[in-house]
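Okay, so here's the structure we're looking at.
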DNA sequence: AGCTATTTGATACGATCGTATCATTAAAAA
DNA sequence: TTTTTAATGATACGATCGTATCAAATAGCT
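Okay, structure coming up:
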């Protein structure tokens, strides 16, 4: 038997290289040769693991969504999880804050995610699939947490969980791009999120 | 004296063609030849009015920002303007609703605007200039209107005008992209805006 | 050692892109 | 009618891109 290599690991490595270069040179301007150089492999190998560039783009998009989901999960677990009093606030705060480009890692995500978003609006082959499904699920989670918090008496009952969830997620996404273009600072964006958290969650 | 032509008009015409094709085929995928065909002129003429493609891209971005500002102005004037009771609400509602892709015209703006946003994040030559300045000015207007409404007793004094203005604009932008990707409908996005307007403006 | 999966190398092809360069025509104002 | 500007036409150039195609070399597992 010959050399054995984890194909998924290699694909992740190459996809990471794409994401990295796309964050600095732009997604559309990132070519196969540049990706190979960034990944430290040959152009031929990129073709070996991804037959076509479209396949690579799709895999990288999926990878980006997965990474984001993992980071969000980690963050809200570190915040104490969803159980017990104030748990709902932890979940909401974690999801909203995770979308902000607070450090280099998250900035890369925001930039490339925006690039994929723009690209998918006109390229039906990309179909945005992963990203939308992700956001859709998150919206449901937020609404559910708000309802749970309302039942626990920690959130005013006169607010609409569904509309709040939708607008909160839209707001965090909008704040992220606001920071990216330099219109507002990270602190301002975080302050806006905290401001709304204060409005949504009262003392238990 | 020879034939006289309004150069600015011609430039607008070509820039419009760029915006139109960019909304359907993508900004990066839109070539000079395609723009010329869409504008109904020769490729040579596009080169005549715009020496380089970068110049054309910048002019079209400026044009896009101008069109948006004009539409927003028209809308809030039709809503009764800023004077008198409830005027602040008119201004805020107009600005927020204008950002939503409610019809084809606004959808084109949202799509191309998103494309420019993504492009400017990695292309320093574009520098996003027009768009950011626009959003920055709008944020100031919103905050000012909220303060005025607070002074008139039509808005709760315990809310923060600056943070509200920043998050409202971020929210409308986020809602716009949410509609674009099909995650939510126009009605849901408008409902979210109305929901927050109800929270911000009470009976006089 | 031998088989096999992995990886690299060196190109080359066709297409498309932005840009440049010739020349010519159309038309309106003087 | 002359003059000047607007506009078109037909290409052509160099570059870059995704992709394909030849081949060879490397290295682990049995």
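Protein chains in written order, with my numbering: chain A, 1 to 204; chain B, 205 to 408. Every residue gets a Cβ at the ideal spot worked out from N, C-alpha and C, and that includes glycine.
Beta-carbon gap between residue i and residue j smaller than 8 Å
i	j	result
residue 64 of chain A	residue 113 of chain A	yes
residue 397 of chain B	residue 300 of chain B	yes
residue 181 of chain A	residue 100 of chain A	no
residue 265 of chain B	residue 330 of chain B	yes
residue 310 of chain B	residue 122 of chain A	no
residue 43 of chain A	residue 32 of chain A	yes
residue 34 of chain A	residue 21 of chain A	yes
residue 296 of chain B	residue 346 of chain B	yes
residue 154 of chain A	residue 88 of chain A	yes
residue 361 of chain B	residue 354 of chain B	yes
residue 49 of chain A	residue 11 of chain A	yes
residue 275 of chain B	residue 302 of chain B	yes
residue 404 of chain B	residue 368 of chain B	yes
Contacts of residue i in chain B (Cβ-Cβ under 7 Å)
i	result
residue 188 of chain A	370
residue 7 of chain A	Those do not exist, as residue 7 of chain A stays about 30 Å from chain B at its closest Cβ, beyond 7 Å.
residue 128 of chain A	385
residue 163 of chain A	395, 396 and 399
Beta carbon proximity, residue i to chain A, threshold 8 Å
i	result
residue 301 of chain B	no
residue 260 of chain B	no
residue 326 of chain B	yes
residue 268 of chain B	no
residue 252 of chain B	no
residue 312 of chain B	no
Residue i at chain B interface by Cβ criterion, 8 Å
i	result
residue 32 of chain A	no
residue 90 of chain A	no
residue 200 of chain A	no
residue 183 of chain A	yes
residue 35 of chain A	no
residue 41 of chain A	no
Chain A residues whose Cβ lies nearer than 9 Å to that of residue i
i	result
residue 323 of chain B	26, 28, 115 and 118
Neighbouring residues, chain B, relative to residue i (Cβ below 9 Å)
i	result
residue 170 of chain A	374, 375, 376, 377, 378, 379, 380, 381, 382, 388, 393 and 396
residue 111 of chain A	322, 325 and 326
N-terminal and C-terminal residue of the alpha helix (DSSP H) that residue i is part of
i	result
residue 183 of chain A	First-last for residue 183 of chain A: undefined, no H or E at that position.
residue 100 of chain A	No alpha helix (DSSP H) holds residue 100 of chain A; DSSP gives it neither H nor E.
- request: Compile a chain-ordered list of the residues in the segment 338 to 349 of chain B whose CB is closer than 9 Å to at least one CB of chain A.
  value: Those would be 339, 340 and 343, in chain order.
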